[in-house]
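Sequence positions in the sequence shown follow this note's numbering and run 170 to 408.
Each residue gets a CB set at the ideal place from its N, CA and C atoms; glycine is no exception.
Presented below is the structure to which this report refers.
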Amino acid sequence: MEYGHWVEEQNRQISQLKTALNSHVIDMQLHILVDSCMNHYFDLFRLKANAAKVDVLYVVSGMWRTPAERFFLWMGGFRPSEVLKVLMPHFVLLTDQQLLDICNLKQSCQQSEDALSQGMEKLQKTLSDAVAAGQLCEGNFIPHVTMAMDNLEALVNFMNQADHLRQETLQQMSHILTVRQAAGGLLALGEYFQRLRALSSLWTNRPQEPELSCNRKIPIPNLRENHQHYSSICMGTKS
170 MEYGHWVEEQ NRQISQLKTA LNSHVIDMQL HILVDSCMNH YFDLFRLKAN AAKVDVLYVV
230 SGMWRTPAER FFLWMGGFRP SEVLKVLMPH FVLLTDQQLL DICNLKQSCQ QSEDALSQGM
290 EKLQKTLSDA VAAGQLCEGN FIPHVTMAMD NLEALVNFMN QADHLRQETL QQMSHILTVR
350 QAAGGLLALG EYFQRLRALS SLWTNRPQEP ELSCNRKIPI PNLRENHQHY SSICMGTKS
């Protein structure tokens, strides 16, 4: 199942959730819909894990998503703490205990995100140093880039850990909330991603301004004169 098919199924589930909430179905029916929506997200995480074994750079870069989705991307997916921030206004009739549990969950997410981000920064530095130190010999990079290729396996682990954090966050939220609150949260989350994809479509199809004429000259400042003027100012001389 490719991402496009996954999105189609998500749109169908969002429609079902909206209809169920508006028609005030019993909690048992809502529970079935909530489980289905949750499992659909878990399916996406499994698809990404399998795809990462083939090309982790492609998965982490988010090139398979729309531009607006990529703009908010964190390690190949949504940032759990930001999703909690987006969903909070949509939760109704929360008890004090629920508010405390959500606050603690958000803090835990941020700590895990910071740890993963720091690990990713170290991995990027390691890879950058390996690539910079490598040499090209007879069409093959040796020997440091070979080591960098081996280190890329760590990137798969980072992405899987990030998806595990996303899955754990969704599961914890479902435990904290009532089934009706969870349904409302999943509806709000799905509609949030729908709006991101709609924004991408509007941006891609926006009216384009005419390109600059090839004969039109764009003025370029005289960098040498500016440098001499700046130097004279720094030395206290009059330009």
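- In the structure shown, TRP243 falls within a strand segment according to DSSP collapsed to helix, strand and coil.
- As summarised for the stretch 207 to 255, the continuous alpha helix (DSSP H) elements at least 4 residues long and confined to that stretch are 236 to 240, given in chain order.
- Of the residues GLN267, LEU202, ASP196, ALA323, the one whose Cα lies closest to the Cα of GLN182 is LEU202.
- A check of alpha carbon separations from LYS217 across GLU178, TYR172, LEU242, LEU199 identifies TYR172 as the nearest.
- Here the C-alpha atom of ALA367 lies approximately 29 Å from the C-alpha atom of LEU346.
- Close CB contacts of ASN320 within its chain, under the 8 Å cut and outside five residues either way in sequence, are with LEU292, THR295, LEU296, ALA299 (chain order).
- DSSP places VAL176 in the uninterrupted alpha helix (DSSP H) bounded by 172 to 191.
- In the same chain as ALA237, and ignoring 5 residues on each side of it, the C-beta atoms closer than 6 Å to its own belong to LEU365, LEU368, SER369, in chain order.
- Between SER250 and PHE241, the alpha-carbon positions lie close to 12 Å from each other.
- The three-state secondary structure of VAL300, taken from DSSP, is helix.
- Counting along the chain, LEU262 sits inside no alpha helix (DSSP H), nor does DSSP assign it H or E at all.
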